[in-house]
Every structure is written in C-alpha cells, then in structure tokens.
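Written below as structure tokens is the structure these notes are about.
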Amino acid sequence: MEKETKRNVSLTGDIKFTGLRLKGPMQTSAGFLGVKEALRHTFKEMGIVRSMRGLLEMNQEEGFRCPSCAWPVPQHPSKIAEYCENGAKALADEATRENVGADFFAEHSVEELSRLSDFELNKLGRVVEPMVLKPDSIHYEPITWQDAFELISDGLHQLKDPNEAIFYTSGRSSNEAAYLYGMFARAFGTNNLPDCSNMCHESSGVALSETLGIGKGSVKLDDLYGAEVIMVVGQNPGTNHPRMLSALEKCKKNGGKIISINPLAETGLVNFKNPQSVSDMLGNGQPIADIHLPVKINEDIALAKLILNKLVALDAKNPNVLDHEFIVEYVDGYDDLLKDLERYDMESLQRKSGVYMRKIDKVVELLAENSKIVVCWAMGITQHKNAVDCIKEYVNILLLKGAVGKPFAGTCPVRGHSNVQGDRSVGIMHYVSKTLNENIQKHLNFDPPTEKGYDTVEAIKAMHDKKAKVFVCLGGNFLMAASDTQYTAEAIQNCDLTVQISTKLNRSHLVTGKTALLLPTFGRSEKDEKNGDLQFLTMESSTGKVRQSKGLLKPASEHIKSEPEIIALLAHTYFRGNHSMNWYELGQDYNLIRKLIDKTVKGFENTSEQSKGFGYYLPNNVRSRDFRMLPNGMAQLSITPLPDHQLKADELLLMTIRSHDQFNTTIYGLDDRYRGIHNERRVVFMNKEDMAEKGLTQLDVVNLHSNYDGIQRTAEKFLVVTYDIPKGNMAAYFPETNMLVPHNHFADKSQTPISKSIKVTVEKMLQT
Numbered sequence: 032m033e034k035e036t037k038r039n040v041s042l043t044g045d046i047k048f049t050g051l052r053l054k055g056p057m058q059t060s061a062g063f064l065g066v067k068e069a070l071r072h073t074f075k076e077m078g079i080v081r082s083m084r085g086l087l088e089m090n091q092e093e094g095f096r097c098p099s100c101a102w103p104v105p106q107h108p109s110k111i112a113e114y115c116e117n118g119a120k121a122l123a124d125e126a127t128r129e130n131v132g133a134d135f136f137a138e139h140s141v142e143e144l145s146r147l148s149d150f151e152l153n154k155l156g157r158v159v160e161p162m163v164l165k166p167d168s169i170h171y172e173p174i175t176w177q178d179a180f181e182l183i184s185d186g187l188h189q190l191k192d193p194n195e196a197i198f199y200t201s202g203r204s205s206n207e208a209a210y211l212y213g214m215f216a217r218a219f220g221t222n223n224l225p226d227c228s229n230m231c232h233e234s235s236g237v238a239l240s241e242t243l244g245i246g247k248g249s250v251k252l253d254d255l256y257g258a259e260v261i262m263v264v265g266q267n268p269g270t271n272h273p274r275m276l277s278a279l280e281k282c283k284k285n286g287g288k289i290i291s292i293n294p295l296a297e298t299g300l301v302n303f304k305n306p307q308s309v310s311d312m313l314g315n316g317q318p319i320a321d322i323h324l325p326v327k328i329n330e331d332i333a334l335a336k337l338i339l340n341k342l343v344a345l346d347a348k349n350p351n352v353l354d355h356e357f358i359v360e361y362v363d364g365y366d367d368l369l370k371d372l373e374r375y376d377m378e379s380l381q382r383k384s385g386v387y388m389r390k391i392d393k394v395v396e397l398l399a400e401n402s403k404i405v406v407c408w409a410m411g412i413t414q415h416k417n418a419v420d421c422i423k424e425y426v427n428i429l430l431l432k433g434a435v436g437k438p439f440a441g442t443c444p445v446r447g448h449s450n451v452q453g454d455r456s457v458g459i460m461h462y463v464s465k466t467l468n469e470n471i472q473k474h475l476n477f478d479p480p481t482e483k484g485y486d487t488v489e490a491i492k493a494m495h496d497k498k499a500k501v502f503v504c505l506g507g508n509f510l511m512a513a514s515d516t517q518y519t520a521e522a523i524q525n526c527d528l529t530v531q532i533s534t535k536l537n538r539s540h541l542v543t544g545k546t547a548l549l550l551p552t553f554g555r556s557e558k559d560e561k562n563g564d565l566q567f568l569t570m571e572s573s574t575g576k577v578r579q580s581k582g583l584l585k586p587a588s589e590h591i592k593s594e595p596e597i598i599a600l601l602a603h604t605y606f607r608g609n610h611s612m613n614w615y616e617l618g619q620d621y622n623l624i625r626k627l628i629d630k631t632v633k634g635f636e637n638t639s640e641q642s643k644g645f646g647y648y649l650p651n652n653v654r655s656r657d658f659r660m661l662p663n664g665m666a667q668l669s670i671t672p673l674p675d676h677q678l679k680a681d682e683l684l685l686m687t688i689r690s691h692d693q694f695n696t697t698i699y700g701l702d703d704r705y706r707g708i709h710n711e712r713r714v715v716f717m718n719k720e721d722m723a724e725k726g727l728t729q730l731d732v733v734n735l736h737s738n739y740d741g742i743q744r745t746a747e748k749f750l751v752v753t754y755d756i757p758k759g760n761m762a763a764y765f766p767e768t769n770m771l772v773p774h775n776h777f778a779d780k781s782q783t784p785i786s787k788s789i790k791v792t793v794e795k796m797l798q799t
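This note's numbering runs 31 ahead of the 1-based position in the sequence shown.
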C-alpha cells in the first residue's frame with residue numbers, strides 16, 4: 032500500500048500586491064484600443080501568422096466557435112473580425128506556444144507551483160502529456176494514456192456504490208463530449224452530474240421553467256435588433272459578452288432604447304466603438320444605455336415591483352398600457368399579482384432600490400409606450416439567496432406587457448460559458464429526466480439510474496463528508512470556481528482519486544485527492560483528425576442555436592487527445608468492451624455520437640447536416656406561446672417577497688465581479704482598464720461615504736471578513752479604491768473573494784452560491 036504524503040499547498044498563492052496604477056473609468060469600450068489589446072495578446076501568445084489564421088476563422092462558417100462566451104454568431108458575420116477582444120484573448124490563451132510537460136513537473140512540485148498566483152499559473156501554458164500525482168509524491172510524473180484509463184477504471188470498480196463517484200462538467204466542452212460523459216456516468220450507475228451552470232445560471236433555468244415552461248431564453252439574435260426596449264440587468268456585456276454590444280448597437284440604430292440596471296455603470300453600456308464599423312472607429316462611437324438605474328445590490332425585486340405598480344396605475348387610466356388580451360388568453364395569476372402589489376408603498380420600494388424616482392419614471396414611460404421588450408440578464412441577479420424570485424419578477428413585467436412569444440420580445444439569460452447551455456441540453460443534469468431515461472433504454476439499451484444525483488453544492492458536501500471518493504472534472508477550474516474555497520479544498524483532498532481533463536494548468540491540479548490525474552485535451556481551435564478524417568463538434572448558443580465547430584490549428588502536442596476520445600476510451604476500458612454502446616467507435620467517429628444524440632435528446636434532429644453553416648434552432652415552446660406543460664396551461668405570474676439581508680451596523684454587501692482581463696477563473700492579465708484599474712487584482716471598490724464612516728482613505732489596505740453561522744471567513748490584503756457604487760455596497764474580483772462565500776448559503780430552489788450579495792465587514796490593516 033502506497034504511503035500518503037500530506038501536501039502543503041496554497042489555496043491563494045503568495046499574496047502580494049503587484050503595483051496598482053489608478054486611472055479614471057473609461058467612457059468608451061472597444062475601439063482602436065480594444066483591437067490593439069486583442070492583437071497584442073494573440074501575437075504574444077501565438078505569433079503573428081498563427082494568430083491571424085486563428086482569428087480569421089473564429090466564428091466563421093467553416094471555422095471554430097469562440098472558446099469563451101455563448102453569445103450567438105449572426106447570420107451574416109464579419110468576414111474579418113467576428114470576434115471581440117476577450118474572444119481573441121481566449122483564443123490566445125488556449126493556443127499559446129508555451130507548454131508544460133514531464134521535465135517541467137519533475138523540476139517543480141505541486142507545493143512550489145501552488146505559491147504562484149492564478150495569473151502566473153495560467154501563463155505557464157498548455158499541458159502536453161498525461162500526468163499522474165501519486166499518493167507518496169509532490170511531483171507529477173508521466174503516465175501512458177492506457178495506464179491512466181486503467182487507473183480510473185480500477186478506482187471506479189473499487190467503489191461500493193456508484194454514487195461515490197462524481198462527474199463534473201465545465202461549460203467549455205462540446206455537445207458530443209458532454210453527451211458521452213453523461214451517458215458514461217449513467218451507464219456507470221449515477222446521476223452525480225454537477226456542472227458549472229449550478230454555480231451561475233441554474234437560477235435562470237428554475238425561474239424560467241416555473242414561469243414559462245422551459246429553462247432557456249426565448250429570443251433569437253434578430254429579436255434584439257428590432258426590440259423597442261432592451262433591459263440589461265445585472266450584466267456587464269462590455270467585458271463578459273462584448274459581441275453583445277454589436278446587437279445592442281443595431282437595436283439603437285433601429286430606434287430602440289436600452290435600459291441598464293446594475294449597481295455599477297459599466298463602460299460597455301456607456302459608449303461603444305464597433306471595431307467592424309469604420310465610422311464608429313473614426314467617430315465618437317455609439318452611446319448604448321439611454322437610462323442607467325444604479326440599483327442597490329440585490330434590490331431588483333423592490334425596483335421591479337415599483338415599476339409594476341406604476342405600470343398598473345397607468346393602465347387604470349389607459350387600459351392599453353398592459354396587454355389584457357394576452358393576459359386573459361395566456362397568463363395565470365393576474366388578480367393575485369395585483370393584490371400583492373397593493374401591499375407595497377411606492378416610496379418604500381424606491382428607498383430600498385436606491386434609485387431616484389425620476390429615473391424610474393423614465394423607464395416606466397418607455398415600458399408603457401412599447402411592447403417589443405427584451406430582458407437580458409446574467410449573474411448579477413442569478414447569484415443571490417432570492418435569485419429565482421428576482422428573475423421571476425422581471426418575467427412578471429414581460430408577461431403583463433405581452434412581451435413573450437412574438438418577434439423582438441422575450442427573455443434572454445446570457446450564458447457566460449461557450450457551451451454550458453448545450454451541455455444541459457444533451458444530458459448533463461443531476462436530476463432525472465423521465466423522457467431521456469426512456470430514450471436511453473430504447474436506443475442505448477441500458478437502464479439509467481432513476482434517483483437524483485448531486486448538484487455542485489451537494490457534491491462538495493458529499494466529498495467533504497467522505498461520501499464521495501472519486502471526482503472527475505471535464506474541464507474547468509473547480510476549486511477556484513466554487514464557493515468557500517477552504518471548505519471546497521478540504522472536500523477535494525478527501526477524495527481517493529481526482530481526475531482533471533484540461534488544456535492548461537490551474538489550481539485545481541495542485542489541490543487534489545490522494546491520487547490525481549491530469550489529462551491534456553484539445554483546445555477549441557485545434558485540428559482533430561481521426562483515421563485521416565477531420566472531425567467537427569457542435570455547440571449551442573445562448574439563443575438555442577446548434578452549429579458546428581471545426582478546429583484548424585496544429586494541436587499543442589501529439590500526446591493529447593480530444594474530450595470525446597478520452598471519455599470513449601475510458602468507458603471502453605471500464606466496460607472492457609462489454610457494453611451495449613460501442614464506446615471505442617464513438618470516440619473515433621463523432622457522427623456516430625450525433626446520431627445517438629438525435630435519437631435520444633429532445634429537439635435534436637439530423638444534427639450532422641443541420642449544424643452546418645450557421646446551424647439550426649432547437650424547439651422552444653415560448654416562441655409559439657405554448658404553455659400546456661404549466662398549471663392551467665398558462666404562463667405563470669409570480670408573487671415574490673422582498674429580500675431581508677438583516678445587515679448588522681458594521682456590515683456591507685459585497686458582490687464578486689470579473690476584471691476586463693479575465694474569463695471566469697482564467698486570468699489573462701492584471702488590468703481592468705474600463706474601471707481604471709491597472710496592474711492589480713487585490714482591490715475592493717467602495718462608496719466614498721462608506722469609506723469615511725469606516726475611517727478609510729484611498730489605497731488603505733484592508734482584510735475582508737464574512738461571518739455566517741458563527742464561522743468567520745477572511746480574504747486578506749485588498750487595496751481600497753473609491754468608486755461610484757451605491758452606499759452600503761462593495762465589489763471585488765473573483766476568485767480572490769470566493770473564499771468569503773459560505774458553502775451552505777445559496778439560492779432557494781437553484782442552490783446557486785450567493786456570490787453577488789455577501790455580508791462582509793472591513794478591517795483596516797495597520798501599516799508597517
């Protein structure tokens with residue numbers, strides 16, 4: 032029996048400041064500076080020739096899908112630049128020429144590597160061969176692919192119960208990989224299929240399913256172009272979904288109005304210089320948000336109730352304000368909603384929201400006069416205790432206006448990962464779908480498990496309680512993406528075996544189970560050939576369109592494998608070729624996978640052909656106003672309570688945010704230039720009045736503490752920066768502040784972490 036080595040690894044890297052330079056927040060996004068930054072990153076990481084080849088093929092008809100956000104590709108994309116600055120950074124990040132292999136890991140222990148920051152770890156480059164970290168070692172060492180598959184297979188066979196294994200999925204994988212992964216987990220015997228959507232848009236799925244009958248948005252991309260009003264709620268598209276700004280710009284040029292609802296006034300919604308437009312680049316750009324409502328953190332329900340109350344009052348004078356014909360035919364709960372709204376005093380709602388009444392009145396006027404309304408949102412409203420209710424309140428506005436199921440109107444949750452929606456569509460879910468199970472039995476000829484599996488929150492607890500012993504990750508940086516970093520690290524370290532299928536090194540490869548495998552896989556841009564045939568993959572955008580992605584760059588190494596092949600060979604090894612599915616063949620020909628998807632997954636049909644070009648839309652009941660699956664066969668209005676944060680006198684509400692040089696937990700650089708932050712990440716944005724009350728001045732060093740259930744959590748050493756944020760609110764970057772989020776406090780129904788409304792105190796550090 033191998034001796035287990037207790038590894039002394041850091042969860043944060045050595046905490047140090049990197050030389051903050053402060054400038055004022057920018058007033059214009061993209062433009063020449065955005066182009067310059069995109070090219071600077073790609074040229075540095077990939078070289079000029081490789082960069083231009085990759086950029087020119089990204090999001091093109093015969094090219095590959097951008098590896099970052101899930102924003103859809105337009106029907107007629109720019110032939111030279113259908114990508115944004117952060118898409119270019121994502122490409123450069125995965126297609127970098129830097130790499131790490133056996134020699135590197137022999138020289139550097141996991142303990143030593145863990146002292147690096149997340150930015151420094153990411154800069155080390157691609158992992159180019161399979162590696163194993165044995166129980167008696169602090170160094171990864173090479174392992175053959177077959178030995179790796181045997182090691183995982185043996186670990187799974189040794190489990191007493193299939194539910195002792197957990198199969199986590201990041202949203203970067205393809206439909207083909209996700210499908211195989213989900214089917215292997217079920218064939219193994221578990222529905223323990225947590226995924227990254229549990230930590231971000233699970234609240235959207237729950238709220239939309241309960242109100243409209245489908246856990247996805249209802250709009251197509253063209254609907255945004257012709258909308259009369261678009262509400263952008265809890266979202267920073269200039270950094271997180273920059274190509275969305277082109278759609279908002281088209282809406283504005285067609286006469287539409289944009290309303291931004293967010294505690295921060297983000298640069299992308301102030302002004303946009305479209306790099307695809309010569310006139311924009313040479314001129315002053317396009318102002319985007321007509322109205323910005325700086326709502327206090329997690330007071331959207333108060334704001335939405337106030338808007339609803341005012342709309343109802345206007346409708347009493349002019350019955351054309353609300354769409355009564357639509358409400359009568361399609362909507363349930365109207366009278367109950369009106370009675371509930373009567374309970375609230377408008378002045379009290381305004382005070383809770385923190386927004387001036389005159390601004391709210393301008394929004395109400397726009398909504399009253401128009402009915403082609405789209406509501407877009409992201410994690411600014413999905414990561415709260417009451418996130419599901421918050422989304423439902425915005426759906427209430429759409430339903431009263433009849434703004435669903437018709438052109439240029441509807442719901443638009445904007446997914447932050449490139450295929451997180453597709454993963455869920457093809458079966459990455461911890462709950463049981465009766466229809467999917469029946470199709471598995473009929474077409475795949477095995478009996479899937481019928482009991483619910485673990486979501487992300489439950490998976491972490493199961494590992495922490497030592498009820499789960501094998502943890503497999505298909506992509507992602509689980510440790511840094513999850514809440515409560517210390518607790519999550521302890522959970523992972525309790526496992527006997529952890530497996531990471533990844534492109535680049537991250538902290539989840541250093542904080543591991545007793546035995547750990549690091550299996551390198553292709554990036555989205557890399558050419559995938561099997562037996563002389565060029566393979567392609569498919570993804571689903573935020574608007575439900577499925578389309579092909581075909582890599583063209585030379586892979587980082589001849590020793591890496593694609594995700595579908597890795598999963599297929601693992602399953603082939605585990606079942607010893609004795610299973611109703613021919614796993615080996617599926618890993619060699621992805622058309623075979625798509626044929627099974629077409630047979631077993633609702634809405635997919637002739638995918639290998641239909642996904643060509645710019646793909647096809649999956650069915651969406653809301654677009655045809657079909658609500659038969661809901662109570663009384665109607666869309667549901669919702670009664671929601673106001674949040675009660677019960678803040679103590681010394682507490683503030685903190686929301687975690689991304690910097691502009693960041694995609695999820697991947698740190699591309701140390702700048703957040705739109706907010707005026709350069710060469711530093713350990714900053715906390717504060718209202719000047721809060722700073723004065725706490726005796727703080729610009730650039731003071733503070734520790735942040737959260738205290739839930741008697742447990743104090745601390746994030747050390749942040750520089751205070753004065754910022755235009757509502758009083759009582761603060762903001763700081765993740766993953767640096769994820770350690771403040773308690774693992775056992777999450778959204779009702781969706782169990783999404785409360786990363787956007789954490790109660791914290793601020794401790795000023797004595798200067799030495």
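We put the beta carbon where it would ideally sit given N, CA and C, even for glycine.
Ranked by how close their Cα comes to the Cα of Lys497, the residues Ala522, Glu330, Ala513 have Ala522 in first place. When Cβ pairs closer than 8 angstroms are counted between the two stretches, the stretch 601-613 is seen not to touch the stretch 193-209, the count staying below three.
Excluding sequence positions up to five before and after Asp702, its CB lies within less than 6 angstroms of the CB of Asp692, His709, all in the same chain and listed in chain order. Three or more Cβ pairs closer than 8 angstroms define a contact, and the stretch 765-772 meets that threshold against the stretch 503-521.
Within the model, the alpha-carbon separation for Leu583 versus Lys281 is close to 31 angstroms.
Within the same chain, Cβ atoms closer than 7 angstroms to the Cβ of Phe150 are found at Ile698, Leu701, the five residues on either side in sequence being excluded. Across the structure, Glu297 and Arg706 are spaced so that their CA atoms are roughly 8 angstroms apart.
Here DSSP, grouped into helix, strand and coil, assigns Gln524 to helix.
The three-state secondary structure of Asn562, taken from DSSP, is coil.
Unbroken beta strand (DSSP E) stretches of 3 residues or longer found wholly inside the stretch 265-320: 288-292, 302-304, given in chain order.
Ala399 sits away from Val457, with the two beta carbons spaced by 7 angstroms or more.
Per DSSP, Asn468 is one residue of the alpha helix (DSSP H) stretching across 465-470. The C-beta distance from Asn329 to Ser737 rounds to 15 angstroms, too long to meet the 8 angstroms contact threshold. DSSP links Asp420 through a beta bridge to no other residue. For Lys110, same chain residues with a beta-carbon under 7 angstroms away, outside a window of 5 residues either side, do not exist. Around the beta carbon of Leu528, 16 or more other beta carbons lie within 10 angstroms, which makes this residue buried. The beta-bridge partner set that DSSP reports for Asn760 consists of Leu684. Per DSSP, reduced to three states, the secondary structure at Trp614 is helical. Note on the stretch 379-423: whole beta strand (DSSP E) runs with a minimum of 3 residues are 404-408, in chain order. In the same chain as Thr73, and ignoring 5 residues on each side of it, the C-beta atoms closer than 6 angstroms to its own belong to Ser82, Ala119, Ala123, in chain order.
Taken through DSSP and simplified to helix, strand or coil, Thr745 comes out as strand. Per the coordinates, the alpha-carbon of Gln414 lies some 37 angstroms from the alpha-carbon of Phe477. Contact between the stretch 468-488 and the stretch 245-257 is absent: fewer than 3 CB-CB pairs across the two stretches fall below 8 angstroms. Fully enclosed beta strand (DSSP E) runs of no fewer than 3 residues are not present anywhere in the stretch 52-79. Contiguous beta strand (DSSP E) elements confined to the stretch 196-254 occur at 196-200, taking only those with 3 or more residues. The residue from Ser593, Asp629, Val66, Val386 with its alpha-carbon nearest to that of Ile322 is Val386. The stretch 49-67 and the stretch 303-318 touch, with three or more beta-carbon pairs separated by less than 8 angstroms. Just so you know, the alpha carbons of Val435 and Arg654 end up roughly 7 angstroms apart.
The Cβ atoms of Ser204 and Leu505 lie closer than 7 angstroms to each other. Taking 7 angstroms as the cut-off, the beta carbon of Phe357 is found no closer than this to the beta carbon of Lys403. Inter-residue distance for Arg713 and Ser148 is about 11 angstroms (C-alpha atoms, whole angstroms). Residue environment: Tyr764 is assigned as buried (16 or more neighbouring CB atoms within 10 Å of its CB, all protein chains considered).
Counting along the chain, the unbroken beta strand (DSSP E) around Pro444 starts and ends at 441-444.
With fewer than 16 other beta carbons inside 10 angstroms of its own, Gln106 counts as exposed.
Between the stretch 82-99 and the stretch 723-734, the count of Cβ pairs shorter than 8 angstroms is below three; the stretches do not touch.
By the Cβ rule, the stretch 229-243 does not count as touching the stretch 643-650, because fewer than three pairs are nearer than 8 angstroms.
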